[in-house]
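Below is one structure, written out as structure tokens, with a few remarks after it.
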Amino acid sequence: MRIFFATDIHGSEVCWRKFLNAGAFHKADVLIMGGDMTGKAMVPIVRTNGSWEVTLQDQRQVLTTEDEVRAIEKRISDRGYYPIRLTPEEITAWNADSALVDARFKAEMLGNVERWMALGDERLEGKGIRCIVSPANDDMFEIDPIIAAAKNIELGEANTIPLDGFSLVSTGWANTTPWHTYRELEEPELRERIDGLVADVPDPKRAIFNFHAPPYGSNLDNAPKLDADMKYVSGGQALIPVGSKAVRESILAYGPPLSLHGHIHEGKGAVKLGSTLAVNPGSSYEDGVLQAAIVDLDEKKGTVKRYLLING
Amino acid sequence: MASTTAPSLFLRNATGLVKGWSGFDAFAYSFMSVNLVTLGMFYSLAIFAYVPDGSAIASVIVTAIGMTFMVIAYAGLIAVMPRAGGDYVWQTRVLDGIPGAVTGGAFGAIALFLVGTALALGDVVTYGGAIVGALIGATIGLKRGGVGFVLSATGWWFILALWAPIYGFILKIEFVQPLAALLGWKEGVDFFGTADGTFAVSIATIVITSGLVALGMAGYARIQRICLWIGLAALAVMFVLMLITTVDTFKPAYDKAVQGMFGVSNAYQATIDQAASDPASAYTGSELDPLSFGPGTLALVPFMLFFLLYPNWGATLYGEVRGAGDFRKVLRGMMGGLWVTVALAVIFLLLAARAWGWTFFNASNVTYVNYAYAYSTTAPPMPIWGYPPMLASFIIDSNIIQAIIVFAFGAWWLGWTGTLFLSSTRMIFAAAFDRMLPEWAGRVSDTRAVPWAALALIMIPSIFLSWLYAYNSDFYGLTLDATLVIAVTFFGTSIAAMILPFWKKDVYQSSPMARYSIAGLPILAVAGAVSTIFLGWVLFMWLSNSLYGIGVGNTTSIVFLGILYGAAALLYVVARFARRSQGIDLDAIHSEIPAE
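What follows is the structure, given as structure tokens:
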């Protein structure tokens with residue numbers, strides 16, 4: 001069985017489309033998306049006097065035709081941001097009321113996930129490729145039912161999914177971060193959650209962990225250290241482990257053959273923890289590059305046969 | 313009243329959103345990499361005696377102008393492909409297909425041509441070898457990742473094994489020997505002057521650098537910051553001492569210090585006399601005046617790269633570049649590191665000429681270098697190197713204060729040496745994750761996440777090369793090879809920068825660099841082209857001109873380089889076949905999945 005695992009695409013349209021095509025391209029039997037699929041930013045395209053103005057990556061552009069606007073919207077979407085057309089009046093209202101911004105963010109995120117699920121249903125129809133999507137800490141809870149409702153996509157979170165003699169156990173909950181995102185737990189609670197999920201697995205030695213947070217101190221969890229003002233310390237060169245101790249302990253306690261992670265975009269790598277191959281493919285979603293792991297599993301032996309980290 | 317101004321984007325609360333990073337951090341890392349003391353004073357600013365009819369100051373400035381284009385190219389690549397992993401990824405993503413084949417073919421042809429020429433294998437074998445090299449290089453280059461792997465493995469891994477004994481040698485002559493002499497430990501001076509002493513300091517360097525890797529970058533970054541301030545304070549003290557010194561006051565102070573430490577009288581004049589009479593030095597020397605732009609000035613440029621080549625050393629470390637503002641911040645950081653160092657180097661040279669005398673300064677360097685590198689059997693009157701901070705301190709008649717000044721200057725070494733193995737372990741990790749190396753190469757220890765396997769892969773060759781460096785005098789002459797191999801890697805990246813706007817249009821157009829052009833051409837391409845020409849010329853000079861001692865006239869050097877590049881190419885080919893036999897297709901690593 002071949003698994004194609006990607007994660008942390010944060011709203012990148014091109015990365016989602018590549019993910020859906022990856023099964024056929026890399027001859028994978030199962031696609032797994034490890035979460036954090038919603039975007040972090042909205043880019044306003046403001047209507048002014050018959051033209052449109054937008055600032056992307058510090059470049060201000062004036063757009064005069066609908067084709068130009070559509071082209072910049074695609075560029076914004078491919079980087080993982082949500083392009084939104086606004087009038088000057090709306091800008092004034094948004095600047096005065098952050099609730100309007102929050103409401104639009106929610107609408108964009110949910111609308112985008114709905115559209116992605118529809119695209120997934122269409123592209124995966126009749127392909128014989130299973131696709132499992134598990135939201136993570138940056139994804140609001142409202143996207144779970146949207147994923148669950150998809151025809152050709154399965155919801156990973158908190159579900160034990162049988163896969164050719166293996167059991168996929170997923171959770172997008174992570175240990176606490178400085179950003180206080182949707183799905184965060186203190187380490188003891190996270191361990192309890194994981195133990196509860198694994199309790200449903202017939203044989204942990206044939207489990208595949210799909211835990212968004214990487215194991216602590218594994219080199220899959222090295223992130224730039226931040227100061228109190230949320231600025232990089234030492235220009236980003238000071239890397240510290242920020243992974244989960246609960247995830248690490250669980251891997252060592254249960255010893256699954258494979259453990260899939262994301263969360264730390266800079267933490268690309270594959271390491272052995274006990275008998276477990278732990279993988280974090282990292283993320284370069286803003287470049288439109290789909291970083292992923294291809295893992296071949298031996299159904300008879302219940303082991304990992306081979307793996308490859310790719311930049312697709 | 314609410315603002316009517318539209319923000320460039322609305323952000324929500326999500327992991328990883330940070331407020332950027334300090335431009336000073338970028339400057340500090342670059343400044344410590346272009347290290348005025350450990351690289352500049354140790355080598356580049358100590359060789360003027362060997363090059364006649366050139367201007368010392370002009371050579372530093374000309375080199376920095378050339379490097380400015382490389383800095384722009386690197387800052388541009390960081391903006392186009394941020395956090396991508398540096399040379400390896402840039403070359404891999406850009407130098408594929410025809411550009412990869414052409415680049416690989418050219419490298420392969422030149423490499424085997426040089427080996428054939430150096431070994432005097434005759435025209436048929438040499439030119440036949442060049443054709444074979446071209447075919448092998450083109451085949452490797454055609455595969456995505458081939459050129460990137462060979463150039464990065466050599467520049468960020470293999471050659472750093474040679475840097476270990478060089479770092480050790482720097483520690484010896486800038487720290488251990490001066491302190492031993494100032495503190496009256498004569499046995500120490502003598503021991504570290506032997507091959508055994510050189511080997512011992514190299515091993516100490518390997519242990520210290522490995523320890524810093526084990527400490528981790530977060531811990532080392534704190535040490536670096538402290539070292540920066542101590543080093544700058546020490547440099548300020550040195551400049552002040554040089555400012556209040558004249559040749560008339562320095563000469564007796566120097567003579568007294570050398571007499572006290574080594575029992576040698578009239579050492580100042582004896583040093584000048586020895587340099588003038590020693591046939592090994594053929595001392596004619598370069599001028600200091602920037603206006604006397606003789607042909608020797610350009611000949612000095614490849615020497616100056618020993619310290620000015622590295623303002624981009626932290627290119628893989630900078631934070632996420634989200635827009636043109638961040639691009640300018642990266643650019644300012646690296647430019648600052650380069651040009652502040654240049655300014656300090658010029659001040660240093662002017663002060664050295666004024667305080668110690670230009671003739672003496674060069675004589676002090678050339679007499680030591682001739683002896684240490686075994687070009688001459690005559691020891692200099694002061695049998696250790698005239699380390700500039702120590703020379704400056706002689707004006708204070710106190711061995712303790714002199715020792716404190718030299719000790720403080722050790723911060724320049726400690727704040728920079730940790731990057732040696734950190735850089736190579738990163739490259740080894742990248743290669744292991746790309747399955748070019750066995751899985752164990754990327755493992756870390758359970759308790760402190762120390763990359764023991766990656767460390768071993770750089771430590772073991774480092775120990776071997778340290779042994780050769782200490783006991784085989786041929787290897788002293790390969791010091792510039794350590795710079796050449798890294799310059800070749802930067803040369804490959806410069807080519808990537810030059811063609812990226814045309815070869816990878818989509819990636820370029822969606823980057824903040826797309827707004828910068830000059831005469832209708834992308835600045836990234838222009839900077840990459842000038843950098844390619846500049847580094848290409850320097851490489852040609854190194855390899856063809858006997859002045860530098862590492863080109864075709866030095867068989868050891870060419871064979872050493874041939875082994876490095878051959879080993880990297882072989883490793884790439886073996887890895888591909890080995891992985892194929894395991895059912896792993898390495899082409900899949902960089903194959904772009906269609907979006908539609």
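If you're matching them up, the sequences are chains W and A in order.
Quick note on the working numbering: the first sequence kicks off at 1 and runs consecutively.
Quick note on the working numbering: the second sequence kicks off at 313 and runs consecutively.
Using N, Cα and C, we set each Cβ at its ideal position, and we do this for glycine too.
1) Could you tell me the boundaries of the beta strand (DSSP E) in which F51 of chain W lies?
2) Below 8 Å, can you find three or more Cβ-Cβ pairs linking the region 184 to 198 of chain W to the region 220 to 240 of chain W?
3) Measure the CB-CB distance between A881 of chain A and G449 of chain A and report whether it falls below 9 Å.
4) Straight-line CA distance for S131 of chain W to V198 of chain W?
5) If you reduce the DSSP assignment to three classes, tell me which class T171 of chain W lands in.
6) Taking any Cβ of chain W, which residues in the region 863 to 896 of chain A have a Cβ under 9 Å from it, in chain order?
7) Counting C-beta neighbours from all protein chains within 10 Å, is the total for G631 of chain A 16 or more, i.e. buried, or is it exposed?
8) Which stretch, first to last residue, makes up the alpha helix (DSSP H) that contains L316 of chain W?
9) Going along chain A, which residues have a C-beta under 8 Å from V46 of chain W?
10) Note down the Cα distance separating W431 of chain A from T466 of chain A, rounded to an integer number of angstroms.
11) Which of the three DSSP states, helix, strand or coil, is assigned to T276 of chain W?
12) What number of angstroms, rounded off, separates the C-alpha of A391 of chain A from the C-alpha of W173 of chain W?
13) Taking 9 Å as the threshold (C-beta atoms), are A831 of chain A and A720 of chain A in contact?
14) Rounded to the nearest angstrom, what separates M230 of chain W and Y386 of chain A at their Cα positions?
15) At a Cβ threshold of 9 Å, is L898 of chain A touching chain W?
16) Mind pulling the alpha helix (DSSP H) runs of 4 or more residues that sit fully within the region 690 to 744 of chain A?
17) Among A:A421, A:D399, A:V576, A:V652, which has the Cα closest to the Cα of P692 of chain A?
18) DSSP has Q61 of chain W in a bridge; who is on the other side?
19) With 9 Å as the threshold, decide whether the Cβ of M646 of chain A is near any Cβ in chain W.
20) Would you say V864 of chain A and L851 of chain A are within 9 Å of each other, going by their C-beta atoms?
21) Closest by CA to I775 of chain A, which one among A:A512, A:S356, A:W668?
22) Between W752 of chain A and the rest of its own chain, which residues show a CB-CB distance below 7 Å, the 5 nearest in sequence each way excluded?
23) Under 9 Å between beta-carbons, which chain A residues line up against Y254 of chain W? List them in chain order, please.
24) Roughly how many whole angstroms lie between the Cα atoms of F307 of chain A and F846 of chain A?
25) For a quick check, are the C-beta atoms of V30 of chain W and L163 of chain W less than 9 Å apart?
26) In the DSSP assignment, find the beta strand (DSSP E) that holds T160 of chain W and state where it starts and stops.
27) Using 10 angstroms around the beta-carbon of E157 of chain W, count the other beta-carbons present and answer buried if the total reaches 16, otherwise exposed.
28) Using beta carbons (cut-off 9 Å, strictly below), is G631 of chain A in contact with chain W?
29) Starting from the beta carbon of E908 of chain A, find every residue of chain D whose beta carbon is closer than 9 Å, and list them in chain order.
30) Could you give the residue range of the beta strand (DSSP E) that holds N264 of chain A?
31) Kindly indicate which three-state DSSP category R405 of chain A falls into: helix, strand or coil?
32) So, with DSSP's three-state summary, where would you put L610 of chain A?
33) According to DSSP, is G480 of chain A helix, strand or coil?
34) Within the chosen definition, does the region 729 to 741 of chain A reach the region 755 to 771 of chain A through at least 3 CB pairs nearer than 8 Å?
35) Can you tell me whether DSSP reads R79 of chain W as helix, strand or coil?
Taking the structure as given:
1) The sequence given here places Ser at residue 51 of chain W; Phe does not occur at that position. Here the beta strand (DSSP E) through S51 of chain W covers 51 to 56.
2) Verdict: no, contact absent.
3) Yes.
4) According to the sequence as given, residue 131 of chain W is Cys; it is not Ser. Taking the CA atoms as reference points, C131 of chain W sits about 21 Å from V198 of chain W.
5) Correct three-state label for T171 of chain W: strand.
6) Cβ contacts with chain W: R891, Q894, G895, I896.
7) In this prediction, G631 of chain A has a pLDDT of 49, which is less than 50 and means its spatial position is unreliable; what the coordinates show is noted afterwards. Result: buried.
8) Lying before the first or after the last residue shown, residue 316 of chain W is absent from chain W, which here runs from 1 to 312.
9) By Cβ distance, chain A contributes A318.
10) Strictly speaking, residue 431 of chain A in this sequence is Leu, with Trp absent from that position. Note on geometry: alpha-carbon atoms of L431 of chain A and T466 of chain A lie some 22 Å from one another.
11) Three-state result, T276 of chain W: strand.
12) Spanning the two alpha carbons is a distance of roughly 32 Å.
13) No.
14) Separation of M230 of chain W and Y386 of chain A (C-alpha to C-alpha, rounded to the nearest whole angstrom) is 26 Å.
15) Yes - at least one Cβ of chain W is within 9 Å of the one on L898 of chain A.
16) Runs found: 700 to 705, 711 to 729.
17) That would be A:V576, whose Cα lies nearest to the Cα of P692 of chain A.
18) BP columns for Q61 of chain W point to W:V54.
19) With 9 Å as the cut-off, M646 of chain A does not count as an interface residue toward chain W.
20) No.
21) For the residues A:A512, A:S356, A:W668, the minimum Cα distance to I775 of chain A belongs to A:A512.
22) Correct list, in chain order: A765.
23) Among the residues of chain A, none has a CB under 9 Å from the CB of Y254 of chain W; the nearest is roughly 17 Å distant.
24) Summary: the structure shown does not reach residue 307 of chain A, with chain A confined to residues 313 through 908, and so no result is reported for it.
25) For the 9 Å CB-CB criterion, V30 of chain W and L163 of chain W form a contact.
26) 160 to 163 is the extent of the beta strand (DSSP E) around T160 of chain W.
27) Result: buried.
28) For G631 of chain A, the predicted structure reports a pLDDT of 49, less than 50, and the residue's modelled location is therefore unreliable. The matter cannot be settled from this model.
29) This model lacks chain D altogether; the protein chains it does include are W and A.
30) The displayed coordinates of chain A run from 313 to 908. Any statement about residue 264 of chain A would go beyond what the structure contains.
31) Helix.
32) Collapsing the DSSP output to three states places L610 of chain A in a helix.
33) Helix at G480 of chain A.
34) The region 729 to 741 of chain A, when compared against the region 755 to 771 of chain A, does touch it at the 8 Å Cβ threshold.
35) Look at R79 of chain W here: in three-state DSSP terms it is coil, with no helix or strand label.
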